[in-house]
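Notes to accompany the following structure.
Chains as they are written, first to last, in this note's numbering: chain R, 6 to 285; chain U, 6 to 285; chain Y, 6 to 285; chain V, 6 to 285; chain G, 6 to 285; chain P, 6 to 285.
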């Protein structure tokens, strides 16, 4: 699994704290003494897949490098309601000032990882792998894709530069699939594969003969997908896409495709229920 | 309703485009001629409450100030599936490069506004107003609170500086509700109200006599809330909070509280289904 | 008193050092050896109220985390000319490179705190509290308001979002005080109070009956202010404003208002006289 | 006079508006209709030297590029109380949102320019020119030095990189004036002059013979300064410094020095009294 | 060829102007009247391949949006010494303030494109394409890769995220080529190809059977490269690398490889000789 | 020699890592275990002058503060091919992620310093000092000028604010050399010297009598330069400029000028050949 390097989230965390604090935290500064020390722990309030502990830790460390942070759960593991995830000890003010940003990021990451795992489990035993998409919350893509990956999905490209996906509009503008791929084969960095979106078998054939590395089967029926699989015979990777749901995903996989992509694990995820509890 | 000033979203839009583009858009640059012109429209693929058109427009204007943008729906209105929301005409490359970021922001805002409206409609005829919380996606708070407001909710504080919310941990650290409020009354900017979180009637009384402007009734039973309403008799505003759902919100309102707050309209909202269609 | 969190001043300090250094410090780099060690102390050259030591320390720590910094005076205390405020030991180059920015910020903060204390002392024994305003140096508001607070004033709102102040122009645009307050009562975050600026008793009455939380008495005579106090009878807070000076402030307070606001402690403050002395 | 290029103040203006707005301007957004149009003018409420109109205009243009801005006074001119300085027409909301930041910057610049002019007038007929220093508000140096220049002073170096000023501590660290200047003559960019701070005539002689371009006479008596002038005989420029006040500055000039430097025009300036008036 | 979008170079241009201006341009501001108008043109002082005109234009447009800019040469074309490349008309101050930054970027881009074209011409008639590398000037990668592309090279990956290159150290850490590729095939975004660096034929075979898409032949003799070509028989792309020079590049190509990569077109390019001439 | 303060390169290093990483380093993250430890050293692959070790160290420290960094060569010294320059021990991932940025900066700095030293050696025994210019890579000026300085050159001004250079266009716009210098003598910060570009002896005389501190002899013949030297007789510094090459620089120096300036040590430098070797 891909590493989330501290430098890659530092800016987001600073901006998030700024956003949450504005001119400062009146409640805490006026009610809690500067020297007051406390212990707190973040616990799961429901069954969830743990993801984002390091992000939560980075938030608290940014607020106060002196806070003692103890990881209490393993990333990528499912825990039950009540499980402790992270322990925090130090200045009470610092814990209170970091709480909301840490929880907002952490809960979103767990939520995405948890639903992703459900999709992945539905694919168990098939050869299909789940992929994510570029339908992510602006500013959080790297975290959200880290979460789908933690949940067991494989990442599709992160942006417009690390993969090619020739869609209908590109095809039309280029004057057909073969023309589009001709230009790409000529100038594209050779480190990138070419994926083509198709909506019927004729386009699948055209994409295949034009040298597509991956062919996306967009919103096709099971029957058509099965035919596509027979037709392509492994000469290109096949990715099914469109209206993928928890109760339909396995059926799609059984058509024999290599990948199934969905944005739902991100755009339809709700946050996991986490809580920060102060210890007496 | 609060205005979303262009300066307040400019940085977010720049960062979002950077995030989506990385080193650049190979597919578009290699398949679509620089001079190619196109028309596109963003349409609703399901019933939704329109919110965020100006944000989508700002994304496209940032990508290419020469794009012609035509608002086709009114913010705050519910439209049916198929309704056109925004028309875009100009360089095909620019439309394709702005598409994903524009849709990601727009769909999230519509999604939040739409579910908020459902909560608000459930309150119809009661005196209670729906409030949002600080459980928002880091980096997007201003947009997400704009969306709950468009959906008919009233905004609670945006951060730690524009309102005081004395929670259990603050109370404990201060040595009780009265001590906490004493310090706040002494030093707080007089432009801010003081809200106190309570979990039983005794705390409600204590908060009231200590001079709280707003009393949050946290996770109380209907019966307790009704008693709190009788007890307080309008001397403070009452906000119900905790486990608020679409099918329970009206019952809570009927207890007579002034506000009901929930983070669910944000943390459990899924994106609305939007699509950008190129015109032939 | 409100805490100045290191994250809130970090950006300002970086920008200030950049501003002062430009391409670098030729004098120091060419005259002082890299390994040269020195001790210095910042001393008061006149009687002043200490404010901003932590800011000065943050400047030096930014320039060189290895500098040893020793606080020699207590924030909020008045010291006499000659008093040592801060000791600094370490690389001579680092001390010289941080000196000007540290002193510029520190001297400004002491200057504001010192004059604020004079106003506050003039109010001694009355019930009125001194407030500051939004007339602050752009970029330094949080520091300058920290300084007035250290001097004994109470902060008024920090910006446009953490309080409402309905001025003449707002009233006119809204079509009168009651119309303006109606809209505010409907949509404003309930955590914010509403203040209305008035210039005569009729407006005071109108503001009161429209539900203002705070009524500003702008440039009124002592007599009118006294009448306003009788009229309002504690049903709203009263803030006197306009042409407040050290020799008039007590007279205003004796009219019975709750607050007196002035920008003079900031826009008319001169810097305190501080000096950084190298030790032999 | 040095030009203040728009790129040089753009960042400051953005940050200042962010600082003033926070999450947004509730009062204006809720009281003033989006379409409401207004006219306003900034007027002098006291005699002052005009400085900073372009900065005020840049603030309003940033808030709303559609505002019509009309310069009504000439930069560098003294105007009487009541004089109109800038006219603004357009969206009422935009005027209200830009008002405070525009006035804060504009009033500070006029205040500095006005007091500087008084010092400069006191030097009338002497050969001495007034210089400013690096005692400026962090973040505003370029504006504040523009203001002293508008008031008739000549700018001293803007930072540590555009001039050399060898002070006592540098001299001690280098092991004497001649050693310090030897190193500087060897390695300094040849485009920079070397100034040396002296406190007595012996040091003046040492600096002169070591090849100083400018010699600062720090806190010397009139008599000593006159001797320094005779001694140096134009072979170096002489700058008097230390405790320069409006009523002492002419006496210093009459000692025959080339320059008199003071930070007082900045650190002891109060803001000019400006007001933004809405037109009926 | 890949487009250089204005948003992608805007930050670099701002920072470059800041770097060049520092506190401002004394020479121009004091010698040239604000209203003075001039015409200038940038001309080639030697034979060169034109690249970067749009970047130079963006610099001048940033300095002054009112400058009239006329492209006088075509990007990607070779011009002779004396050829005009860009015409600029408007405020003389603006031209002088933008000159150095515009020329520095433009000259570097022409220099890289020009030498790249020489390498590309040396490959004429062979099937090999020239590739660039990640040996680029930090901060300018996108411009420098645009320049190699303009010169006729094909871009290799832009960074660590848009392609995989398994080098000796990765192989060793993974425990061999097959283990490394196994992990990559499992988790890598399917849009990315896998390239493996090899130093002998055994490694070539191993890479091939492990499923490498591209095999880099690092510093191999002509003979070995020819054997590698026969061995691989088109089942993977072959990229020759190491010590590629203008006089050796064709010999390498004739071994039958698909790509030849070199950093020399960037790290050993000198700037083209350009001059900005004012017109009388 | 001027110090390169960590704060002055921190932003560049962050941006450079971002540029190189994009969304992350797939190869390393998938092939190298998180816990894998390694040792590496950067070695010279050719004879070179060491410059930039601290910059390389700052890159690695930014990637991972736990890396152990050991300087193995002295800045400013010439080393032979094979010499070790820097040792790095710690997480293998961190070394691999910092490698390219560290080498790109380090190799560029050595390259510039090395060629500069050749020019400087060619001047050995003459009184002339080598100067650099503002022809530097945008964004890297401070590093590149540090490198010329390490190579033995003296820095000319770093930007437009720390020196005055009156060129032909300024002269024409001002209406002649004397008019230009008159204005400069009146308003320029007295800490800056005035340099005037001249192309013939008449202009040299004019510049001299107008009070130029430095006179640039632009593209003059040896004979003319010698005449200029006799004419000026030390009353101004003389800087030869234009088409300075390694084999012509000594001849120019022997004309008796004080300085010879060239951009070639930067715009025509190629990178030194460095390599990062992992240890077994």
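Cβ coordinates follow ideal geometry from the N, Cα and C atoms, glycine included.
Note that the structure is a prediction, hence the values are computed from the model and not measured.
Counting C-beta pairs closer than 8 Å gives three or more between the segment 58 to 78 of chain G and the segment 104 to 119 of chain G, which meets the contact rule. Put simply, the CB of residue 34 of chain P is near chain R, with a gap under 8 Å to one of its CB atoms.
Residue 238 of chain R is outside the set of residues whose beta carbon lies under 8 Å from a beta carbon in chain Y.
Taking 9 Å as the upper bound on Cβ-Cβ separation, chain G lies near residues 19, 22, 23, 26, 27, 28, 29, 30, 31, 33, 34, 35 and 39 of the segment 15 to 46 of chain U. By the 16-neighbour rule on beta-carbons within 10 angstroms, residue 268 of chain U is buried. Shown here, residue 283 of chain U sits in a strand according to DSSP, grouped into three states.
For residue 253 of chain V, the closest Cβ of chain Y is not nearer than 8 Å.
Annotation for residue 176 of chain R: 182 and 185 place their beta carbon closer than 7 Å to its own, counting only its chain and skipping 5 residues before and after. In the pairwise beta carbon analysis, the segment 162 to 173 of chain V is classified as touching the segment 25 to 38 of chain Y: at least three pairs are separated by under 8 Å. With fewer than 16 other beta carbons inside 10 angstroms of its own, residue 205 of chain R counts as exposed. Taking a cut-off of 8 Å on C-beta distances, the segment 107 to 123 of chain U touches the segment 153 to 169 of chain U, as three or more cross pairs fall below it. Only buried fits residue 179 of chain P, as 16 or more other CB atoms lie within 10 angstroms of its CB. For residue 165 of chain G, there is no enclosing alpha helix (DSSP H), as DSSP marks it with neither H nor E. A distance of 8 Å or more separates the beta carbons of residue 147 of chain V and residue 270 of chain V. Rounded to the nearest angstrom, the Cβ distance from residue 235 of chain V to residue 112 of chain V is 44 Å, too far for a contact under 8 Å. The alpha carbon of residue 282 of chain U has as its nearest neighbour, out of U:18, U:49, U:20 and U:21, the alpha carbon of U:49. Residue 114 of chain V is positioned such that its CB atom lies closer than 8 Å to that of residue 60 of chain V. Legend: CB atoms of the segment 154 to 178 of chain G lying less than 9 Å from CB atoms of chain R belong to residues 154, 159, 160, 161, 162, 163, 164, 166, 167, 168, 169 and 170.
Look at the segment 199 to 215 of chain G: it has no residue with a C-beta under 7 Å from a C-beta of chain P. Identification of residues in the segment 133 to 144 of chain R having a C-beta nearer than 7 Å to some C-beta of chain U yields 139, 140, 141, 142, 143 and 144, given in sequence order.
DSSP, read as helix, strand or coil, puts residue 105 of chain V in helix.
Neighbours of residue 101 of chain V in chain Y, taken as residues whose beta carbon is under 8 Å from its own, are 174 and 175 in chain order. Cβ neighbours of residue 87 of chain U within its own chain (closer than 7 Å, five residues either side excluded): 48 and 49. For residue 185 of chain Y, the C-beta contacts it makes with chain V under 7 Å involve 36, in order along the chain. Under the 8 Å Cβ criterion, the segment 252 to 269 of chain G counts as touching the segment 123 to 139 of chain G, having at least three qualifying pairs. The beta carbon of residue 146 of chain P sits closer than 8 Å to some beta carbon of chain G. In this structure, residue 220 of chain R lies near residue 237 of chain R, with their beta-carbon atoms less than 8 Å apart.
In the DSSP assignment, residue 60 of chain U falls within the unbroken alpha helix (DSSP H) covering 58 to 68.
In terms of beta-carbon proximity, residue 65 of chain P stays away from the interface with chain V, with every pair separated by 8 Å or more. Straight-line measurement puts the Cα of residue 80 of chain Y at about 21 Å from the Cα of residue 72 of chain Y. Listed along the chain, the chain G residues whose CB falls inside 9 Å of the CB of residue 197 of chain R are 162, 167, 168, 196, 197 and 198. Selection R:84, R:12, R:92 and R:244 evaluated against residue 76 of chain R yields R:92 as nearest (Cα-Cα).
For residue 10 of chain R, no chain U residue has a Cβ inside 9 Å of its Cβ, as the nearest lies near 16 Å away.
Rounded to the nearest angstrom, the gap between the Cα atoms of residue 11 of chain V and residue 193 of chain G is 47 Å. Within chain G, not a single residue places a beta-carbon under 9 Å from that of residue 122 of chain P; the smallest gap is close to 18 Å. Residues of chain G whose Cβ lies closer than 7 Å to the Cβ of residue 97 of chain P are, in chain order, 178.
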